[in-house]
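Below is one structure, written out as structure tokens; comments come after it.
Below you can see the structure in the form of structure tokens.
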């Protein structure tokens with residue numbers, strides 16, 4: 001079905017372009033992260049654009065290819081299946097797949113529009129872009145790939161201030177000061193802060209049967225990979241966009257893979273000790289007199305950076321301190337909950353009352369769909385409820401997630417209690433599982449290396465983060481680290497959060513019983 005819909009909708013070329021980019025990077029030993037729609041499709045897996053298989057949860061033997069598909073609905077992710085040996089050759093079986101909703105992959109209207117947003121390591125950025133340029137030129141012709149220039153953002157606050165109440169209502173937004181301020185930051189085309197422009201590239205692809213001037217005026221420059229540039233609103237003219245973003249996490253994982261000789265695909269993504277690091281430091285066996293933290297995520301992900309103080313980051317830390325991460329699915333739920341909970345205190349209270357167990361709490365879109373189907377609700381009604389609650393009907397739904405009376409009555413017809421319907425009504429992330437999975441997989445891999453290969457993890461982390469410190473002098477022994485943190489804490493926090501990251505990682509390393517050796521100065 002995916003192949004037929006892909007050809008019908010004209011997306012086959014995007015998959016082939018993505019496959020070219022993936023194969024280039026994989027052949028050089030580098031992984032990539034492809035954002036969004038591709039990770040929900042089996043075609044994405046086949047083309048090397050995602051590690052997440054949309055086949056049902058299953059075991060597969062990498063040696064003899066024996067496979068077993070699991071029909072037990074309690075397993076959403078194959079990663080969470082119990083370990084098992086191959087009954088034929090006694091090899092440890094690999095676990096893969098996840099229980100997706102059929103309409104998420106494809107429905108009667110066709111495939112969800114694929115967005116080709118690729119994160120690559122810095123070392124591969126230029127070669128990847130040159131490869132894309134040559135591939136498009138060879139297959140579509142000259143001037144069928146255009147580099148995106150930068151556009152200034154619209155001063156939406158002044159714009160909205162001059163609109164009448166009726167005009168604002170027609171736009172489908174709330175007429176309040178917070179909405180105006182939020183919309184003032186909305187962007188069109190490609191606009192980035194100066195510190196990100198060098199690490200982000202976006203390209204507009206022109207279909208073979210069109211000329212570049214049918215879509216946009218261009219500017220030609222000597223640099224920019226020898227490609228013409230457009231400064232127009234790209235999204236208005238074409239959905240065929242290819243974006244590249246340097247990803248430090250991918251870089252760090254490549255270094256750890258090389259230094260430990262443990263391949264990323266061999267890492268168990270449901271290792272209970274590794275998952276415990278997301279809510280506890282117990283598995284690290286730290287001396288808490290030297291250093292202590294709420295979890296073992298320092299140096300692993302953006303929400304573990306203690307020098308970041310946004311309310312979202314703080315709430316994410318709070319969630320992780322309350323939950324028990326027992327599975328891959330639990331971790332995705334914990335991260336998803338922080339973004340879309342309407343009442344943070346109420347969610348925390350529900351998690352506490354459930355003793356930190358997230359398995360029965362409805363958070364994800366898929367939770368709604370499969371929970372309703374498992375209770376006997378018709379699949380079409382379950383899908384409609386999922387769409388409505390997760391605000392997936394663009395222009396119709398909202399992030400308020402309130403069921404209307406008609407839908408409530410329909411659900412009550414299946415003998416669902418008011419209490420259950422209220423649970424559906426209040427806690428849901430409008431994002432599907434696959435949109436979280438790629439980054440979560442890599443967070444777990446970093447945590448795995450941190451737990452089982454600490455020296456390699458700290459060594460590569462120091463090397464990575466120090467590149468962003470402008471050669472700031474870093475203390476080597478424990479007393480110097482503590483002293484410098486106390487004396488320079490305010491300066492460090494204001495000037496460069498990577499310096500603080502290095503110091504705190506140093507303290508954590510010492511607390512785990514490791515230390516810096518004296519340098520051999522020649």
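Numbering (the working numbering), first residue to last: 1 to 522.
Ideal Cβ placement from N, Cα and C applies to all residues, glycine included.
Check                                                                                                                            : Outcome
Element boundaries [beta strand (DSSP E), containing residue 119]                                                                : 116-120
Residue 220 (DSSP reduced to helix, strand or coil)                                                                              : coil
Span of the beta strand (DSSP E), counted from its first residue to its last, around residue 514                                 : Looking at the DSSP string, residue 514 is not in any beta strand (DSSP E), and its letter there is neither H nor E.
Segments of 3+ residues assigned as beta strand (DSSP E) that fall wholly inside the stretch 11-53                               : 33-35
Residue 47 versus 25, 60, 65 and 64, residue with shortest Cα-Cα distance                                                        : 25
Anticipated Cβ contact below 8 angstroms, residue 484 with residue 503, distance rounded                                         : 7 angstroms
Residue 278 beta carbon less than 8 angstroms from that of residue 79                                                            : no
Opening and closing residue of the beta strand (DSSP E) in which residue 96 lies                                                 : 94-96
C-beta atoms of residue 465 and residue 250 nearer than 8 angstroms                                                              : no
Where the beta strand (DSSP E) containing residue 262 begins and where it ends                                                   : Per DSSP, residue 262 belongs to no beta strand (DSSP E) and is neither H nor E.
4 or more residues per run - each alpha helix (DSSP H) lying fully within the stretch 399-470                                    : 405-412, 418-426, 434-452 and 454-466
Touch test, the stretch 412-423 against the stretch 82-101, Cβ-Cβ under 8 angstroms, three pairs minimum                         : no
Beta-carbon spacing of residue 52, residue 98 below 8 angstroms                                                                  : yes
Environment of residue 500 [buried if 16+ CB atoms lie within 10 Å]                                                              : buried
Buried or exposed (CB count within 10 angstroms, at least 16 for buried), residue 88                                             : exposed
Contact set for residue 4: own chain, Cβ-Cβ below 6 angstroms, skip 5 residues either direction                                  : none
Neighbourhood of residue 381 by C-beta, 7 angstroms cutoff - its chain only, sequence neighbours within 5 removed                : 410
Residues bridged to residue 85 (per DSSP)                                                                                        : 92
Beta-carbon proximity list for residue 384, same chain, < 8 angstroms, skipping 5 on both sides                                  : 407
Touching by the beta-carbon criterion (3+ pairs, under 8 angstroms), the stretch 253-265 and the stretch 133-143                 : no
Residue nearest to residue 257 in terms of C-alpha spacing, selected from 467, 387, 389 and 459                                  : 459
Three-state secondary structure (DSSP) of residue 288                                                                            : coil
Cβ neighbour criterion (16 or more within 10 Å) applied to residue 210                                                           : exposed
Nonlocal neighbours in the same chain, by C-beta distance under 6 angstroms from residue 185, ignoring five residues either side : Low confidence applies here, because residue 185 scores a pLDDT of 41, under 50, leaving its location unreliable; read the following figure in that light. Closer than 6 angstroms at Cβ, skipping near neighbours: no residue.
Whole-angstrom distance between residue 336 and residue 461, CA atom to CA atom                                                  : 26 angstroms
Residue 288 to residue 131 span [Cα, whole Å]                                                                                    : 50 angstroms
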